[in-house]
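Chains as they are written, first to last, in the working numbering: chain A, 182 to 676; chain B, 14 to 675; chain C, 28 to 145. Every residue, glycine too, gets a C-beta built ideally from N, C-alpha and C. Below: one structure, written as structure tokens.
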Amino acid sequence: MTTPLPDFALALPEIVLLAGACALLIFDLFARGERREGSVRFAGLVLLATAAATLFVLLGTGGALAYTFNGLYVADVMALLLKLGATLAVALALAYSRRYLHDRGLLKGELLALLLFALLGMMVMMSANSLLTLYLGLELLSLCLYSLVALNRDSPVSTEAAMKYFVLGALASGLLLYGMSMIYGATGTLTITEVARQVANLQANSAQHGFLVFGVVFLIAGLAFKLGVVPFHMWIPDVYQGAPTAVTLVIGTAPKLAAFAMAVRLLVNGLLDLAADWQQMLVILSVLSMAIGNITAIAQTNVKRMLAYSTIAHMGFMLLGLLSGVVGGNWLNAAEAYAAAMFYTVVYVLMSLGAFGMLVHLSGKGFECERLEDLKGLNRRSPWQAFIMLLLMFSLAGVPPTAGFYAKLSVLSATVAAGQIWLAVVAVLLSLVGAFYYLRVVKLMYFDDPAETAPALEGERDARVLLSANGLALLVIGIVPQPLMGLCFVAIKSL
Amino acid sequence: MAGALAWIDKMIAMKTLYLLVPLAPLAGALAAGLAGRALGRAGAHRVTILSVLVSFLASCVVLADVLQGNVFNGGVYTWLTSGETRLEIGFLVDRLSALMMVVVTFVSLMVHVYTIGYMAEDPGYQRFFAYISLFTFSMLMLVMSNNFLQLFFGWEAVGVVSYFLIGFWYTRPSAIFASLKAFLVNRVGDFGFVLGIALILTHFGTLDYAAVFAQAPAAAGKTVELFGGAPWLLLSVICICLFVGAMGKSAQFPLHVWLPDSMEGPTPISALIHAATMVTAGIFMVARMSPLFELSPSALSVVLVIGAITAIFMGLVALTQFDIKRVIAYSTLSQLGYMTVALGASAYSAAIFHLMTHAFFKAVLFLAAGSVIIGLHHEQDMRRMGGLKKYMPWTYWTLLIGAIASAGIPPFAGFFSKDAIIEAVKLSQTPGAGFAYLAVLSCVFVTAAYTFRLVFMAFHGEPRFDAAHPPHESPAVVTVPLVLLAIPSVASGWLIGRVVFGDYFGSAIAVAPAHANIAHMSGEYHGLWSYLLHGVSAPPFWLALAGIGTAYYLYRVRTDLPKRIAIALGPLYALIERKYGFDELYQWLFAGGARLLGAGLWKGGDERTIDGILVNGSARLVGWSSGVVRLFQTGYIYQYAFAMIFGVLLIMTWFLFLAPRA
Amino acid sequence: MLAEYFPILLFILVGLAVGVIPVVLGALLGPHRPDPEKNSPYECGFEAFEDARMKFDVRYYLVAILFILFDLEIAFLFPWAAVLGEIGLFGFVSMMVFLAILVVGFVYEWKKGALEWE
């Protein structure tokens, strides 16, 4: 008896990335030179090849749903688009932080390899059609991120952050795994589509149902940790602040796409029939996150920490989209709501890339731009950067006509369509609270005098051009949101 | 088949052209505004002039296309869909908008060129070019709009650029004051305008012109209850609200006060924005809304009376001013009054025709005045001019052409357009037409008098300027636009047969049968020559001649008389010279009152209630809770882990025991 | 269903008994006469010169971790070898890929000097 060959072509992006990452590790061992130019270029090439492979698969399948590896792996439009997005995010993060890393002696082959392996983990998560595949990807991603945080071994802050991240991450993994085992116990399968079929045939209020809900609570706890929503958010501020800004830039961006994919795979693909149950859990998480995230951010003096709390608030807002999909068994608005959530996530990743990227860009040799004071009078020192930062802050605050505004608007309209008026009101009020600290940054940049000691800007040109494109993209998406929204819609429809 | 294909090809090409018309100046503005430093001075003016030239040529092609009977009405891009309402960017290109497009881009082009000379030594050179190109874009968006939202966008955008430009020399307190004044007065008008648009959206459920016009006849009898439950005709309320907007933008009495002060801005924009284009937006808007206004006789009556008041009273003020730009500014007010009167008399085509001729001759007047101002090293007081004719011949002759056109002497452009208006008002049955006829007729005399007062005071007689710095003729970039604008100031009037009497506008303008004054006049029209002959024998022509004669007598023959008249008239003269005291009244009543109210609200409402309790209170609350929540972030890993586990337990408890079961 | 787990319970009980009974017996039956010499830690015949709970070199961890890493692959290799005939070329190639990835790690640690003590 011979085992039939699975369709490898569907997993081409992962295969290319894995091979590339391994090759990079070896290549870097034998490469010379302080700046690691060869290795960085190599990493860039690998990312490019991965993106090309993803596009190739996208064109090859033509957006059709396809499973491979005995149903462990799925290739649909959402997975492929998110993979493209994550690849782009990692590439941009690398481009933004190259000089920063080099100045601090962190630009090593290990960093590049870890970045690529983290991306591999994200991709596996995005294409997971089995609880095990999902877990595998999650661990691969998390382990890479832990070591990235600790990359600066001699910094006590970084090590402490990495330690916390690791211990709490392990705890969250445990919770998630426990939840998965419950789901397995209740349905007897690990394949997500199969789980969905079992759940659909379930009797309401049976013992099995209770068992499943029990498992879902743990699943959501694990998921919430990854997204960083209250009360599973504690690691976010410490890790964001403790990690070198360049690493924060990575942690705060692409993994959010993976976390979104994970949420969709688990909740929408697998447990849509339990929506009534998990939606209520998400309501709690979402409101708490928006409240605590926005309110605590105000008291921060460190920009990274402030943005960390803002992440918490934003992820809470994104959950609004996920929880407004199904109303009383009615799925009519589901696609709109999930597409809105996806749009929100993508836009958030763009904003986050820009904001942390700008901090990296403004940091110089021996100077960390991370306190609010460091942004004082930026307009006077470098007006263009201040303007881009202004765009980013406006977008984060949700000021029209930026992308952040449209993202909030679409999520809110989904929430209202789901009849959750009070939730929408709460979200708007808490966003207003949030606007305060974003606008404070603008005020500092434009109306305060620069500190005497503010160092001159030394950012390199290509990073500046990319950052500008990043900031302006938010404006363009805000004015012409339809293409991106359309893509999100297609992606959700492809599930 | 091939014909159909060609037609489709053409439609696509035309659509690109429509887009090109507003977008080219926008691109120019962005280039000059954002990359002005990199482009340099010459680069900035080259880019913007080229972009406006492209826009002008495209407008001409569009006009030619429209003249063959093509009308385009369609969306270009949907910005937002909210329920049933679609907010989109769209173009309505018909004969009305095409004509406006050509006028706007032509004057703008001339002003762009002129600016090279006028602003040559200004440090804000690139900024200025960016602004006027941006203005051109905004104006075109306004003109080409096919819906109220975009109209409002353009309306506000031209307003914003106008405030920027009035305050262009932002170090002068008077410029700041003027731009603030313009801003505030326009807000009053905009308030009415927004109310009108909101009423339209509420009652018609759409903001699309065509859809609104289609529903309008059905809504003719509809009433709404306003203050105290009195029923008002819905359309009258809408039209009057819209007209309040037009009063703000087109500086009609009593919202006219901002326009004379706007002369603080550089002269090119006085010509472009505060004479030729932006201030006529109100006129254009009312003409565009003619299907609505025609259904409301009371609104037309309001329009008519307001226009008549503006025409005559502002004309009188012009007689008493000495600042050369202010004289022209009051003349603009008066001429805008003429256009408004024409609208009220349902002579929309005459109003637009006058708008066009006025754009040309007023631009000439302003630009020539600007040329005088630079020639005299920024001297604007006519009492320190005189005898400039021999120093500045080009300026003199072009200004003279503008003045003759303005005074309404045949065969110059102003004669035709003004005469058509006067004739239409004479025929009009709209309530208030009798007063309006008297006003516009006597205003002909006033117009001629103040225009030639300016000519005689500035260019003839003894030189009164500082002899140490004799004036010099301006460079070619200044005089060439003057000449190019002087040509249509003469010739554009000859189009009257086509534009006014030839049913040029077709379906773009609606006139109710009861108000068909222009149609009646068309019946009497037998070619340019007979019209001219008829004009020469009619009272307006003689009144104009009398006005010129009076000006000649007072300012060339008996130069001591004006002062004596002023003294003899005493308080009456003072009243007119002080512009009827509107500035002071508004200052005292609104600015002072608002300040008083503001102080009260500030102390009591804002500082105590809002700041004290709501803002600072809530901020303090948020800050306090922020501080509290922060305490949870202890940094101890076991507490974090505890929080997570506690969270799981909490959710689980809620789920297993407390959650409502579906 | 629970009955099927009975052998396991039995196994646990026997295992516990085998572990506990000798210790208990020894404690109960053996002679019990302690003195300082007997209570001191035994260290290969040397005098005890340090506390047993000392810091030790982090390199031990490294070696331990690397050992576990490469040792565990055996756990995959044994079952793989047992069914190699049935899983055919696909199975063979899969394992080779797995080993190749391990080799990458091995090359990395070698080159980085993780295998050298000093």
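- Annotation: residue 525 (chain B) is outside any alpha helix (DSSP H) and is labelled neither H nor E by DSSP.
- If you check the CB distance, residue 85 (chain B) and residue 106 (chain B) come in under 8 Å.
- Not flagged as an interface residue toward chain A: residue 88 (chain C), since no C-beta distance is shorter than 8 Å.
- Here residue 245 (chain B) is bridged, per DSSP, to B:237.
- Identification of chain C residues near residue 210 (chain A) by a Cβ-Cβ cut-off of 8 Å yields 134, 135, 138, 139, ordered along the chain.
- Cβ-Cβ distances below 6 Å link residue 259 (chain B) to 295, 298, 299 in the same chain, with the five nearest sequence neighbours on each side left out; the list follows chain order.
- Counting along the chain, the unbroken beta strand (DSSP E) around residue 255 (chain A) starts and ends at 254 to 256.
- At a cut-off of 8 Å between beta-carbon atoms, residue 203 (chain A) makes contact with chain C.
- Interface with chain A (8 Å Cβ-Cβ cutoff): residue 68 (chain B) is excluded.
- Fewer than three pairs of CB atoms, one per stretch, sit closer than 8 Å, so the segment 615 to 631 of chain A makes no contact with the segment 34 to 45 of chain B.
- Excluding the 5 residues flanking it on each side, residue 335 (chain B) has same chain C-beta neighbours closer than 7 Å at 394, 395, 396, in chain order.
- Contact of residue 206 (chain A) with chain C by beta-carbon distance below 9 Å involves 131, 132, 134, 135.
- One finds nothing in chain B with a Cβ atom closer than 8 Å to the Cβ of residue 586 (chain A); even the nearest lies about 11 Å away.
- Under the DSSP assignment, residue 249 (chain A) falls outside any alpha helix (DSSP H), being part of the beta strand (DSSP E) whose first and last residues are 247 to 249.
- For residue 603 (chain A), the enclosing alpha helix (DSSP H) covers residues 602 to 628.
- According to the DSSP secondary-structure assignment, residue 309 (chain A) is paired through a beta bridge with A:254.
- From the beta-carbon of residue 186 (chain A), the residues of chain C found nearer than 9 Å are 117.
- Selection A:438, A:334, A:358 evaluated against residue 316 (chain A) yields A:358 as nearest (Cα-Cα).
- Straight through space, the alpha carbons of residue 325 (chain B) and residue 389 (chain B) are spaced by roughly 31 Å.
- With a threshold of 8 Å between beta carbons, residue 487 (chain A) makes no contact with chain B.
- For residue 370 (chain B), the secondary structure class from DSSP, reduced to helix, strand or coil, is helix.
- In summary, the residues of the segment 331 to 359 of chain A whose CB is separated from some CB of chain B by less than 9 Å are 341, 344, 345, 348, 349, 352, 353, 356, in the order they occur in the chain.
- About 7 Å separates the beta carbon of residue 425 (chain B) from that of residue 502 (chain B), a gap short enough to meet the 8 Å contact definition.
- Secondary structure of residue 145 (chain B) (DSSP, three-state): helix.
- Counting C-beta pairs closer than 8 Å gives fewer than three between the segment 327 to 335 of chain A and the segment 439 to 453 of chain A, which falls short of the contact rule.
- Not flagged as an interface residue toward chain A: residue 172 (chain B), since no C-beta distance is shorter than 8 Å.
- Note that the C-beta distance between residue 270 (chain A) and residue 530 (chain A) is below 8 Å.
- When the alpha-carbon of residue 38 (chain B) is set against those of B:55, B:51, B:59, B:52, the nearest one is in B:59.
- Bounds of any alpha helix (DSSP H) do not take in residue 592 (chain B), whose DSSP letter is neither H nor E.
- By the Cβ criterion, the segment 264 to 274 of chain B is not in contact with the segment 218 to 234 of chain B, since fewer than three pairs of Cβ atoms, one from each stretch, lie closer than 8 Å.
- In the three-state scheme derived from DSSP, where H, G and I count as helix and E and B as strand, residue 475 (chain A) is classed as helix.
- As far as DSSP is concerned, residue 177 (chain B) takes part in no beta bridge.
- Taking 8 Å as the threshold, the shortest C-beta distance from residue 654 (chain B) to chain A falls below it.
- For residue 526 (chain A), the enclosing alpha helix (DSSP H) begins and ends at 515 to 543.
- Using a Cβ distance threshold of 8 Å, residue 498 (chain B) and residue 377 (chain B) count as a contacting pair.
- Partner residues in the beta bridge of residue 87 (chain B), as assigned by DSSP, are B:104.
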